[in-house]
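A quick write-up on the structure given underneath.
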Ligand code: C2E
Ligand code: MG
Ligand code: MG
Ligand code: MG
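Numbering (the UniProt record's numbering), first residue to last: 556 to 841.
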């Protein structure tokens, strides 16, 4: 009896694994057509200067609206897009869409906003020579209005592709941010070598910042180190006023999170800007 139960359990697990594998393949197939079918769009989340409350920039975040499953989480579909290589097309699409939107918002009152765009390690791969600089030129958007967000792992990749691309960005004036900082391995020397502009403190350190002294010490150390190296710091995942005040008093430059705003559709973000800047003053949140 034990043996057959084991066997049943085994076939149960394999069936479940089959279904999961099947679902992954299905989603990858559908992702390939998602752009043409107009299922991919961009949401925008403000990055706010903690001292003034002014908005520096928006981070572009990919959204996939599946006809059957509704909104699929980026934490689910971005890894599938990376595995299958579709991330190159999706990444280019998000870049063009977001850059054009920021350019469009120049017509609104308030400061010209910058745009921050995520770029995954796969997008630095051998085949990919992104045409992002060409597109910015076409759009007449100055490259220094654009930040590319990469993770620490990308910096440690010693391949020629990565370093030549990062130097190309630096020479053109595109800014570079290290996303999810503190969760991977970083070399301080690489922050200097590639002339990195921003560190984004990972939200896991911000979550219990107020009660967890270890995480507070980590956040404060990152801020101090970054400033000594001439980098600016953005805290991710700021959800309440206590966290905001603590970070501001610790000298953190910028914050991003639900406390200021959730990621918004282009329309909603635009309405938010217009509401704040009805007069020609700088845009401000909180
Ligand atoms: P990320 O680049 O670190 O983006 C920040 C994530 O934190 C976003 O999740 C955002 O919605 C979420 N977030 C913002 N404020 C808060 C907060 O106060 N509390 C909490 N709990 N979360 C907050 P999202 O949009 O689900 O994206 C997840 C990840 O997917 C991104 O992390 C990024 O790594 C990746 N991703 C999203 N869009 C793209 C893209 O266009 N290209 C690439 N390569 N990756 C992308
Ligand atoms: Mg990011
Ligand atoms: Mg720079
Ligand atoms: Mg992050």
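We put the beta carbon where it would ideally sit given N, CA and C, even for glycine.
Since we're looking at a predicted model, the values are computed, not measured.
- The residue from 728, 573, 674 with its alpha-carbon nearest to that of residue 649 is 674.
- Residue 702 is classed as buried because its beta carbon has at least 16 other beta carbons within 10 Å across all chains shown.
- It is roughly 18 Å from the alpha-carbon of residue 668 to the alpha-carbon of residue 690.
- Our two residues, residue 725 and residue 655, have alpha carbons roughly 21 Å apart in a direct line.
- Per the Cβ contact rule, the segment 804-813 is in contact with the segment 603-617 (3 or more Cβ pairs under 8 Å).
- Restricting attention to 686, 763, 790, 591, the CA atom closest to the CA of residue 733 is found in 790.
- Residue 744 counts as exposed, since fewer than 16 other C-beta atoms from the protein chains shown sit within 10 angstroms of its C-beta.
- Neighbourhood of ligand 4, defined by CB distance below 7 Å to any of its heavy atoms: 734, 735, 755, 757, 758, 791, in chain order.
- When rounded, the separation of the alpha-carbon atoms in residue 647 and residue 633 is 14 Å.
- In the DSSP assignment, residue 686 falls outside any alpha helix (DSSP H), carrying neither H nor E.
- DSSP places residue 618 within a strand segment (E or B) once states are collapsed to three.
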